[in-house]
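Engineer: The sequence shown finishes on residue 258 if you use our numbering, and the numbering steps up by one all the way, no holes. Dropping a structure here in structure tokens format, bear with me for questions.
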Amino acid sequence: MRGAGVVVTGAGGGIGAALARGFAARGARVVVNDIDADKARAVAAEIDGTAVPGDASKALPAARDALGGAVDVFCANAGVAPVGGPEAEEALWAAAWDVNVMAHVRAARELVPGWLERGHGRFVSTVSAAGLLTMVGSAPYSVSKHAAYAFAEWLSATYRHRGVRVHAICPQGVRTDMLAGTGPTGELVLAPTAIEPEAVADALFQGIAEERFLILPHPEVADYYAARATAPDRWLESINHLQRKVEQLPGAAGL
């Protein structure tokens, strides 16, 4: 990673900040993107990086310029997690799709042609275990994260023989502001096994060293994923049992 040009979106805190710090510690030149300009600048100052605040979908041109024209690693980390099901407002569904999926597509559209020409490039997608499983209480998050995983998988299947490496990070609970905002559902489902953002970054760098596509900071997710594939009705029954437990929590009305 020494000297590599790296862009991390949503890097003002949480997993994104941990990734930015991890790349910088390994000698990379890091662009820190976040919708919160103050947070982006704070992390950039800490790691001697460059802050490019703003919408993750629109940050790439300025980030590329900051790196001298070439991006070696792009971390599509920014995400939103609105609660609700089909009744959630259209704007919430649109935001989840735009940030969690289309921002990845737009970045790949800009970066992949150059990577193919150079013969190397690395795309890191922060997906979440919800992209392999589901997330009780949030249909927009679950659906968009499934799509984010599918897109990362497609990129890897299509371009790996041409030097483009792709990694999909799929943690369960991580102690971030996003987890804190999930309310009773997060407390029941995610908080008991939540890990620090730095553990997610460590898992990614181990996965990069081993050139693994699927990064599981919570190894048990592999078993849940296998159960979902091989015994879907039993798996759905277990998730529905969890849903019923959530509905019994104080303040869980409407979940």
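Backbone N, C-alpha and C define an ideal beta-carbon position, used for all residues, glycine too.
1. How would you label P143, buried or exposed, when you count the other beta carbons within 10 angstroms and need 16 or more for buried?
2. Among the candidates S145, V74, L114, P195, whose CA atom is the shortest distance from the CA of A31?
3. Within a Cβ cutoff of 6 Å, which residues of the same chain sit near R24, ignoring the five residues on either side of it in sequence?
4. For R44, which option in G16, L70, C78 has the closest C-alpha, if you only look at C-alpha atoms?
5. Closer than 6 Å by C-beta to R29: which residues in its own chain qualify, once you throw out the five before and the five after it? Chain order, please.
6. Report the option in T179, V130, R163 whose CA atom is closest to the CA atom of Y152.
7. In terms of residues, what are the limits of the alpha helix (DSSP H) holding S241?
8. DSSP three-state label for V11, please.
9. Find the nearest neighbour of G82 within the set Q175, P235, K148, judged by alpha-carbon distance.
10. Start and end of the beta strand (DSSP E) containing V34?
11. Grab the span of the alpha helix (DSSP H) containing S145 for me, first residue to last.
12. Kindly indicate the opening and closing residues of the alpha helix (DSSP H) around R168.
13. Taking the straight line between their C-alpha atoms, what separation do you get for V33 and V76?
14. If you draw a straight line from the alpha carbon of N243 to that of A69, how long is it in whole angstroms?
15. Check each candidate in W157, P174, V115, A40 and name the one with the smallest Cα separation from L2.
16. In chain order, which beta strand (DSSP E) runs of at least 3 residues are fully inside the segment 59-116?
17. For L135, list the residues DSSP reports as bridge partners.
Structural biologist: The short version:
1. Classification for P143: buried.
2. V74
3. I50
4. G16
5. M4
6. V130
7. In this chain, the alpha helix (DSSP H) harbouring S241 covers 235-250.
8. strand
9. K148
10. 32-35
11. 142-162
12. First-last for R168: 167-172, but that is the beta strand (DSSP E), not the alpha helix (DSSP H).
13. 9 Å
14. For N243 and A69, the gap between their C-alpha atoms comes out near 48 Å.
15. Nothing in the structure corresponds to residue 2, since the chain is present only between 4 and 258.
16. Counting only runs that start and end inside the segment 59-116, the beta strand (DSSP E) elements of at least 3 residues fall at 76-79.
17. Paired residues: none, contrary to the question.
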